[in-house]
Amino acid sequence: MRDLIASASVSSRRVKTCCFLTVPRTNISSNTPTRQRLIRRRSCHATASTRLIVSTLRRRQHTPSLVSSPASKLVRGCGRVNLGFLCFPLFEMGRNLFLVNLFLLSLASAASASHDYQKALSKSILFFEAQRSGYLPSNQRVNWRGNSGLVDGKANGVDLVGGYYDAGDNVKFGLPMAFTITMMSWGIVEYGKQMAESGELGHAMAAVKWGTDYLIKAHPEPYVLYGEVGDGNSDHYCWQRPEDMMTNRQAYRIDTAHPGSDLAGETAAAMAAASIVFRRSDPAYSNQLLDHAKQLFDFADKYRGKYDFSISVVQKYYRSVSGYGDELLWAAAWLHEATDEPYYLDYLGRNGGPLGGTGWAMTEFGWDVKYAGVQVLVSKFLLQGKAAHNWQVFEKYRQNADFFMCSCLGKGSNNVQRTPGGLLFRQRWNNLQFVTSASFLLTIFSDYLQSAGQNVKCSSGVAVPSDLFNFAKSQVDYILGDNPRGTSYMVGYGSTYPQQVHHRASSIVSIKVDDSFVSCRGGYATWFSRKASDPNLLDGAIVGGPDAYDNFADERDNYEQTEPATYNNAPLVGLLARLHGGNGGFNQLLPVVITKPNVPTRPKPLPIPQPKPAPVPGIHHLSFYVYRISYVLMYKLMDRYYVLVTGAFSPFTVKQTATTSWIAHGRTYYRYSVIVNNKSSKTAKDLKIIVSKLYGPIWGLAKAVDGYSFPPWLESLPAGKSFEFVYIHSATPADIWISGYTLV
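If you read the sequence shown in the UniProt record's numbering, its first letter stands for residue 1, the second for the next number, and so on.
Structure (structure tokens):
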């Protein structure tokens, strides 16, 4: 099969053909099949007769690119159309191409069935239990695993037992582990209600907590963070299940003398995001996570540097190619999301240019490159009306978020390459990590835009929110089996899925079945080289996936395609919950529009004539009538009387508009936009706002003792200016009035 795929039969009649230049495999030692980890570079040069793709072997490293290759054409791939193990020559571009297209579509249609997203969600979370390190709990569901890594950190005088193994080996790498926790938490924050309805919220929260418990241990001092346990070189020399491993378990850390802003920043983001997850169920734990997040952000920002300079052993595995600018912005965004403190908004505003948030327009998102994620979060803040004086900078973040979406959709100026079967393709090595991450961003951004009534403007046309969501769904469906091979790339899902996963624990008989010690080198001889299915099912694992032409070789030594990783699954958790449960909660920025608003009306209260009051200078309190208003409306709320300032001579106007509506669980919900305008010639301060008959969430105001006040980012309202806040409920418009203010 490999010879067939790698063949390059060149014909002068073809405009483009493709071949692979084979790179020799280099062993770590002469008697191990594990290949040396090399940094991959991709070089493509097209001529009239050939197109050469040089792909060197490298496991996780990549170089971030702003410009990706155009979408793949059907005629690419050795001058043939590759359909799994079939390869049809395309010497004639007429009828034969039509027949191949027809056959491709028929295969895709046969594989395309209605997917059980709830089942896929359950399995995607279950995978994390197979990746656990440390003492396993009594409710462990992956029962073929046992305790492991029980002395981690002991040599360094710290307890580092727990956490997750990143992929198919037995090393605990801090950067991808923290990113995994951030993405799982984001999925819960946005789609927790959908997870609860499917019965998986508890399992998802347990998966997050298994990671954050470890991250707390890894941060024993404000300016100390452990970023790796184990050594990749010695670990890859052995093929052992984690319960038997005898490899070096040294721990590596960053501190003030050896900084690592990228590692500390990502860990801060993970802690902040997770603090939102546990805010209601465990407030004390949530506050603990938030304290760690703030300390780590301060550490990352104050002592700047790349973590792989301080922990050099990580460079062959998880080198921070993008630097630390994206992680600093990422952490600030999540800290604002967790705290609502304006300091972090201002940090994003001040540092958008210097740290690259407004400068880098990306076509990828993953454990290394976070810019697209930052840009989506900041766009959320912008849509929520939180930008305040940072709005111009935040608009630039939004433009870059749009660029990412357009590139994925194929509507931009620099589009992400796709396979003939329609899969986003970034690199041969573990390509699905980028597919799941991009699909999550597409989905969540679609929900943000839909609820705000906005679209994405691409260079080749406008993309509506449903375009983003439907494309993300197509990527998930491809992973679950709607592809030319009819193969599910989630282990255990569907009828055809990878059987020989590049994973030490799943490929070796369970210690609970056979507790005979598996030696370092013996594991290669006995288990790695077996040409048989894994003895343990790695349920829910997302493997690396197919190549640029939808080809996939289910072989244990094909680590580029058959090795899973936690950060492949993490974005998929929230995405599958969304696909299964729909957008039915208040977790998103605003819920999805289903119908245009048809707002019910109610009779307005009749004005109550009042005697003309005496002038009252300065602050206007609740018990005073406002000077020179044509009439007032009196409301009784909680045994107190409030005055609604209205009329032609009022210094304020309050305008409510129903911007959208939707139906959920048989009820109609409305999103209302409220604009408060200062009509006076003076600056308004100490504004007091009363909101009565509100039955849903509200954004853009600060809670006060008696009602609401200016949002944290707004201290005053200058003459002639206005500000906006929004709320959602399933009723007629709420009663809103100004009850107090100062004009200066």
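Ideal Cβ positions, reconstructed from N, Cα and C, are used throughout, including at glycine. Keep in mind it's a predicted model, so treat the numbers as computed, not measured.
Asked: Consult DSSP for Thr732 and reduce its assignment to one of helix, strand or coil.; Found: coil
Asked: Tell me whether Phe173 sits in a helix, a strand or coil according to DSSP, three-state version.; Found: strand
Asked: Excluding the 5 residues flanking Ile188 on each side, which residues of the same chain have their C-beta closer than 6 Å to its C-beta?; Found: Ala204, Val277
Asked: Here's a check: name, in chain order, each residue in its chain whose Cβ is nearer than 8 Å to the Cβ of Glu341, leaving out the five neighbours to either side.; Found: Leu335, Pro712
Asked: Throw me the rounded Cβ distance for the Met184 and Ala570 pair, which I believe falls under 8 Å.; Found: 5 Å
Asked: Any idea if Asp514 is buried or exposed, counting beta-carbon neighbours within 10 angstroms, 16 or more meaning buried?; Found: exposed
Asked: Just the C-alpha distance for Trp186 and Leu575, rounded to the nearest angstrom, thanks.; Found: 10 Å
Asked: Would you kindly report the start and end of the unbroken alpha helix (DSSP H) that includes Arg253?; Found: Unbroken run through Arg253 is the beta strand (DSSP E), 251–254; no alpha helix (DSSP H).
Asked: At the level of alpha carbons, what is the spacing between Tyr117 and His729?; Found: 29 Å
Asked: Kindly say whether Gln500, judged by its beta-carbon, lies nearer than 9 Å to any beta-carbon of chain B.; Found: Of the chains in the structure shown, none is chain B; there is only one protein chain.
Asked: Given a cut-off of 9 Å on the beta-carbon distance, is the pair Arg504 and Trp239 in contact?; Found: yes
Asked: Any contact of the region 422–440 with the region 392–401, i.e. 3+ C-beta pairs under 8 Å?; Found: no
Asked: Relative to the C-alpha of Gly373, which residue among Ile444, Ser451, Ala293, Ala207 is closest?; Found: Ile444
Asked: For Ala273, count neighbouring Cβ atoms within 10 angstroms of its own Cβ and tell me buried if that reaches 16, exposed if not.; Found: buried
Asked: Taking the straight line between their C-alpha atoms, what separation do you get for residue 750 and Val726?; Found: Absent from the structure is residue 750, since the part of the chain shown begins at 1 and ends at 744.
Asked: Quick check on DSSP: helix, strand or coil for Tyr191?; Found: helix
Asked: Please state the DSSP three-state secondary structure of Cys458.; Found: strand
Asked: Out of curiosity, what's the CA-to-CA distance linking Phe723 and Tyr448?; Found: 20 Å
Asked: Since Ala120 and Leu480 should fall inside the 8 Å C-beta cutoff, what is the C-beta to C-beta distance between them, to a whole number of angstroms?; Found: 6 Å
Asked: Flag this pair as touching only if the region 522–539 and the region 228–243 have three or more C-beta atom pairs under 8 Å; answer yes or no.; Found: yes
Asked: From this set, Gly359, Phe425, Asn430, which residue's C-alpha is nearest Leu409's C-alpha?; Found: Phe425
Asked: Could you tell me how far apart the beta carbons of His580 and Ser198 are, in whole angstroms, since I believe they sit closer than 8 Å?; Found: 6 Å
Asked: Taking the straight line between their C-alpha atoms, what separation do you get for Asp550 and Arg485?; Found: 7 Å
Asked: What are the start and end residues of each continuous alpha helix (DSSP H) run of 4 or more residues lying completely inside the region 311–370, in chain order?; Found: 315–318, 325–339, 342–351
Asked: Taking just the CA atoms, how far does Ala548 sit from Thr419?; Found: 5 Å
Asked: Here's a check: name, in chain order, each residue in its chain whose Cβ is nearer than 6 Å to the Cβ of Asn677, leaving out the five neighbours to either side.; Found: Thr653, Ser722
Asked: What does the Cβ neighbour count give for Thr256, buried or exposed, with the cut at 16 atoms within 10 Å?; Found: exposed
Asked: Would Gly163 and Gly211 be called neighbours here (beta carbons separated by less than 9 Å)?; Found: yes
Asked: Considering only residues of the same chain and omitting the five flanking positions on each side of Arg578, which have a CB-CB separation below 7 Å?; Found: Tyr191, Gln194, Thr443
Asked: Run through the DSSP bridge pairs and tell me what Thr668 is partnered with.; Found: Ile663
Asked: List the endpoints of the continuous alpha helix (DSSP H) containing Glu560.; Found: 559–562
Asked: Under 8 Å, with one C-beta from each stretch per pair, do the region 133–149 and the region 280–291 reach the 3-pair mark?; Found: no
Asked: Given a cut-off of 9 Å, decide if Leu572 and Val476 are closer than it, judged by their beta-carbon atoms.; Found: yes
Asked: What distance in whole Å lies between the Cβ atoms of Glu327 and Lys370, which are believed to be in contact at a cut-off of 8 Å?; Found: 6 Å
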